[in-house]
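Be aware that the sequence shown starts at 0, since it is given in numbering that gives the first Met the number 0, and climbs by one per residue. Data first, discussion second: the structure below is written as structure tokens.
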Amino acid sequence: MAVPKRKKSKMRVRQRKGQIKAIVAQVSACPKCGEPRQAHRVCPACGSYRGRQILAVEAE
Numbered sequence: 000m001a002v003p004k005r006k007k008s009k010m011r012v013r014q015r016k017g018q019i020k021a022i023v024a025q026v027s028a029c030p031k032c033g034e035p036r037q038a039h040r041v042c043p044a045c046g047s048y049r050g051r052q053i054l055a056v057e058a059e
């Protein structure tokens with residue numbers, strides 16, 4: 000069975016763990032209605048994506 004030859008230093012462990020981070024979702028304005036929406040997703044306010052109507056959203 001493989002065994003580490005030397006102990007990993009705190010710096011090496013922390014450098015490795017420092018690379019693991021949460022990804023922040025990209026938010027952009029919808030070109031049709033101007034509401035904020037996630038990139039590459041259907042707009043929840045108007046239901047459009049890439050110039051096409053995808054979802055039927057009721058008017059409030």
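The C-beta atom is built at its ideal place from N, Cα and C for all residues, glycine as well.
Quiz item: E34 and A44: beta carbons closer than 8 Å?
Solution: Walking along the sequence shown from the start, residue 34 turns up at place 35. Walking along the sequence shown from the start, residue 44 turns up at place 45. Yes.
Quiz item: For A55, which residues of its own chain have a beta-carbon under 8 Å away from its beta-carbon, when the five flanking residues on both sides are left out?
Solution: The residue given as residue 55 occupies position 56 in the sequence shown. These residues qualify, in order along the chain: G46.
Quiz item: If you follow the alpha helix (DSSP H) that V12 is part of, which residue opens it and which one closes it?
Solution: By 1-based counting over the sequence shown, the position of residue 12 is 13. From DSSP, the alpha helix (DSSP H) with V12 extends over K9 to G17.
Practice problem: Measure from the C-beta of C32 to each C-beta in chain B and report whether the shortest distance is under 8 Å. | Solution: In the structure shown, chain B does not exist; there is a single protein chain.
Quiz prompt | Where the beta strand (DSSP E) containing R40 begins and where it ends | solution = As a first step, residue 40 must be located in the sequence shown, where it is residue number 41. No beta strand (DSSP E) contains R40, which DSSP labels as neither H nor E.
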